[in-house]
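Asks:
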């Protein structure tokens with residue numbers, strides 16, 4: 408039997424984009440830069456945010472920003488990973504119903520809605536980020552694993568890995584953008600539709 | 408009330424990639440070239456098929472091939488559209504259970520399996536074809552409309568357009584390739600998993 412991992416390492420395991428531990432001041436510096444970029448994105452939208460503006464907001468030179476992230480795509484990837492990490496932390500240990508403590512069906516419905524909204528918010532960021540494919544894959548892996556876990560908690564029987572993948576597939580960003588931007592479907596209808604789908608899958612025969 | 412369309416036009420409506428009518432000899436010439444390309448792809452795989460080899464197999468000069476399709480990507484797009492069109496014709500008017508005549512659940516399960524296999528076969532062709540995004544979208548639109556129709560035939564109630572999109576999402580090529588190539592899941596298990604999903608969605612409460 409393997410000995411358990413120390414808590415700090417255990418908590419890093421399921422989180423996308425976690426890196427090898429940095430020295431504390433370097434990590435703080437990085438967080439300062441990412442928070443500045445995040446704030447500007449919230450204020451202006453991804454496309455309007457320049458490296459100059461982020462450097463100015465963070466109170467550093469532009470050279471520092473490029474040394475830390477390599478490129479605008481690297482910075483956007485950092486912002487995306489940070490947002491994804493915060494969301495995953497909320498799922499793993501935040502307040503219910505997204506976090507632990509609510510009944511599993513309630514948790515699953517909150518999770519789907521939350522992932523849907525996160526994916527819609529992340530769309531432009533993903534397009535601007537370096538290695539978008541790998542990042543989207545990492546995020547969907549976590550999402551699928553969590554849905555599988557909650558299906559188990561719900562007592563659903565069958566091929567749970569398949570069912571989890573199938574329930575996560577309509578939350579894909581490409582599918583959502585098609586529905587929201589091209590077909591003008593309100594997000595509330597998507598939320599209700601996904602909830603209906605999950606309820607059917609989870610129903611006891 | 409609108410008068411019905413002539414049969415020939417009606418049948419073209421739902422078919423992806425249909426073009427404005429060509430003169431008969433031009434169409435025959437095009438079909439000869441596409442069939443030659445299709446045969447070579449079946450024999451050698453997409454990546455090994457050159458414009459030279461297709462021209463030689465069809466018994467025409469390479470210039471003719473480029474004039475007709477513009478580029479290798481254009482030719483591959485033509486082969487893809489032809490394959491998609493044949494499949495859609497089989498769904499609309501071919502033998503049951505894919506075509507009309509079988510009970511709706513049987514038809515839906517045959518349809519999902521058939522679309523799954525077609526998507527897996529089309530993967531390399533899509534990567535090689537011009538305008539792959541638009542083509543994939545067209546194919547998925549037909550697929551979603553047909554699933555919606557069969558859910559109606561099954562007496563399923565609820566947001567049928569949403570449920571159809573959700574059932575089609577796990578048949579997406581990216582999802583399938585992840586399952587088959589990276590996670591080594593046998594196609595038979597995917598077929599069974601999708602059938603289970605559909606059966607749950609279609610179950611009467």
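Protein chains in written order, with my numbering: chain A, 408 to 612; chain B, 408 to 612.
Just so it is clear, CB atoms sit at the ideal spot from N, CA and C, and this is done for glycine as well.
1) Quick check: residue 520 of chain A and residue 598 of chain A, are their CB atoms within less than 8 Å of each other?
2) Give, in chain order, every unbroken run of the alpha helix (DSSP H) that is at least 4 residues long and sits entirely within the region 566-593 of chain B.
3) Helix, strand or coil, according to DSSP, for residue 507 of chain B in the structure here?
4) With H, G and I counted as helix, E and B as strand and the rest as coil, what does DSSP make of residue 467 of chain B?
5) Candidates A:432, A:562, A:528: which alpha carbon is nearest residue 581 of chain A's?
6) How would you label residue 490 of chain B, buried or exposed, when you count the other beta carbons within 10 angstroms and need 16 or more for buried?
7) Between B:477, B:486, B:569, B:604, which lies nearest to residue 449 of chain B when the distance is taken from Cα to Cα?
8) What is the DSSP secondary structure of residue 563 of chain B, counted as helix, strand or coil?
9) So is residue 486 of chain B in contact with chain A if we call contact Cβ pairs under 8 Å?
10) Report buried or exposed for residue 488 of chain B, applying the criterion of at least 16 other Cβ atoms within 10 angstroms of its Cβ.
11) Give the interface partners of residue 596 of chain A over in chain B, defined as CB-CB distance under 8 Å, in chain order.
12) Taking all protein chains shown into account, do 16 or more other C-beta atoms lie within 10 angstroms of the C-beta of residue 507 of chain A, making it buried, or fewer, making it exposed?
13) Shorter than 8 Å from the beta carbon of residue 593 of chain A to some beta carbon of chain B?
14) Below 8 Å, can you find three or more Cβ-Cβ pairs linking the region 548-566 of chain B to the region 454-468 of chain B?
15) Under 8 Å, Cβ to Cβ, is there at least one residue of chain A near residue 498 of chain B?
16) Nearest chain A C-beta to residue 539 of chain B closer than 8 Å, yes or no?
17) Output needed for residue 476 of chain A: all residues of its chain with C-beta closer than 7 Å, excluding positions within five of it in sequence on either side, in chain order.
18) Considering just the uninterrupted stretch of the alpha helix (DSSP H) at residue 431 of chain B, what are its terminal residues?
19) At a Cβ threshold of 8 Å, is residue 604 of chain A touching chain B?
20) List the endpoints of the continuous alpha helix (DSSP H) containing residue 537 of chain B.
21) Starting from the beta carbon of residue 577 of chain A, find every residue of chain B whose beta carbon is closer than 7 Å, and list them in chain order.
22) Please list, in chain order, all residues of the same chain as residue 524 of chain A whose beta carbon is under 8 Å from its beta carbon, the five residues on each side excluded.
23) Might you give, ordered along the chain, the residues of its own chain that have their beta carbon closer than 8 Å to the beta carbon of residue 531 of chain A, omitting 5 neighbours on each side?
24) When you compare only the Cα positions, how much space is there between residue 443 of chain A and residue 544 of chain A?
25) With a Cβ-Cβ cutoff of 8 Å, do residue 472 of chain B and residue 522 of chain B count as a contact?
Replies: Working from what's here:
1) yes
2) 567-575, 580-584
3) strand
4) coil
5) A:528
6) buried
7) B:486
8) coil
9) no
10) buried
11) 566, 569
12) exposed
13) no
14) no
15) no
16) no
17) 482, 485
18) 431-451
19) yes
20) Segment: none, residue 537 of chain B is in no alpha helix (DSSP H) and carries neither H nor E.
21) 572, 573, 576
22) 594
23) 452, 453, 454
24) 26 Å
25) no
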